[in-house]
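Undergrad:
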Amino acid sequence: MALSLRSVSSDEFDLVRHIQVEPEQVLFSGTVRQAFDKNEDGVDFHAVLMGSTPVGFFKIDRHIGFAHGPTKTHIQDQPPREDLGLRSFMIDRRSQRMGYASQALHSLPKYLHQHYQDRTGLALLVDLQNLGAIRLYRNAGFVPSALPQPGGLFGPQQVMRLSFQACR
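In terms of the numbering used here, the sequence shown opens at residue 90 and continues consecutively.
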């Protein structure tokens, strides 16, 4: 079976409702239920599938709300406005440690470039104490910004960016 990514409409909660991360991971990613309950303008849902079974979930923020919103905290190393924001990236706890997260992240540039052709890259914020996620994102080609950013729920965060340059 091959891993694939697909968009999920706001009325397809049942498709991904079973996806749950470990309790300590919820602090960083939130839950699928929270994502669907929060009506966020400019945010699209996507699933990670192994064959036809959803094993992961993530949100794409077309407005990179964490960096550019008018009421958001100023971030020193802001990604370009042409970037998308990756949020709530999660792999179901029963499917973790199988390489799905890594495969999904490596598939993201081509997949997102096909769906958001006017965008140049992908940016995210990751808590500095979430060492596993930082390692995962670095291995997938995300480049950290020069300076950690204050103001995360658990302390400083790192902006990381992945360019779609190779997809053009």
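Glycine included, every Cβ here is placed at the ideal spot set by N, Cα and C.
Is the beta carbon of F253 less than 8 Å from the beta carbon of P198?
TA: Within the sequence shown, residue 253 is the residue found at index 164, counting from 1. Within the sequence shown, residue 198 is the residue found at index 109, counting from 1. Yes, the pair counts as a contact, with Cβ atoms nearer than the cut-off.
Undergrad: Using the DSSP secondary-structure output, state which residues sit across from R176 in a beta bridge.
TA: By one-based count along the sequence shown, residue 176 stands at place 87. DSSP, once it has assigned bridges, lists K148 as partnering R176.
Undergrad: What whole-angstrom Cβ distance do F117 and A222 have, given they're in contact under 8 Å?
TA: As a working note, residue 117 is residue 28 in the sequence shown. As a working note, residue 222 is residue 133 in the sequence shown. Right, their Cβ atoms sit about 7 Å apart.
Undergrad: What would DSSP say about Q182, mapped onto helix, strand or coil?
TA: If you number the sequence shown from 1, residue 182 lands on position 93. Just to set this straight, residue 182 is Arg in the shown sequence, not Gln. Helix at R182.
Undergrad: On the three-state DSSP scale, how would you describe F117?
TA: For this step, residue 117 is matched to residue 28 along the sequence shown. Reduced to three states, the DSSP call for F117 is helix.
Undergrad: Nearest by alpha-carbon distance to H107: which of R95, T120, D100 and M90 is it?
TA: As a position in the sequence shown, residue 107 is number 18, starting the count at 1. Looking at the Cα atoms, T120 is the closest of the given residues.
Undergrad: What number of angstroms, rounded off, separates the C-alpha of Q203 from the C-alpha of H195?
TA: Locating residue 203 in the sequence shown gives position 114, counting from the first residue. Locating residue 195 in the sequence shown gives position 106, counting from the first residue. Taking the straight line joining both Cα atoms gives about 14 Å.
Undergrad: Rounded to whole angstroms, what is the Cα-Cα separation between A124 and G140?
TA: On the sequence shown, residue 124 is found 35 positions in, with the first residue counted as 1. On the sequence shown, residue 140 is found 51 positions in, with the first residue counted as 1. Each residue's alpha carbon lies about 23 Å from the other.
Undergrad: Of all the options D133, S93 and G174, which has the alpha carbon lying nearest to the alpha carbon of E101?
TA: Position 12 of the sequence shown holds residue 101. Ranking the options by Cα distance to E101, first place goes to D133.
Undergrad: Check the DSSP bridge columns for H135 and list the partner residues they point to.
TA: In the sequence shown, the residue the question calls residue 135 occupies position 46. H135 is bridged to S96 and F147.
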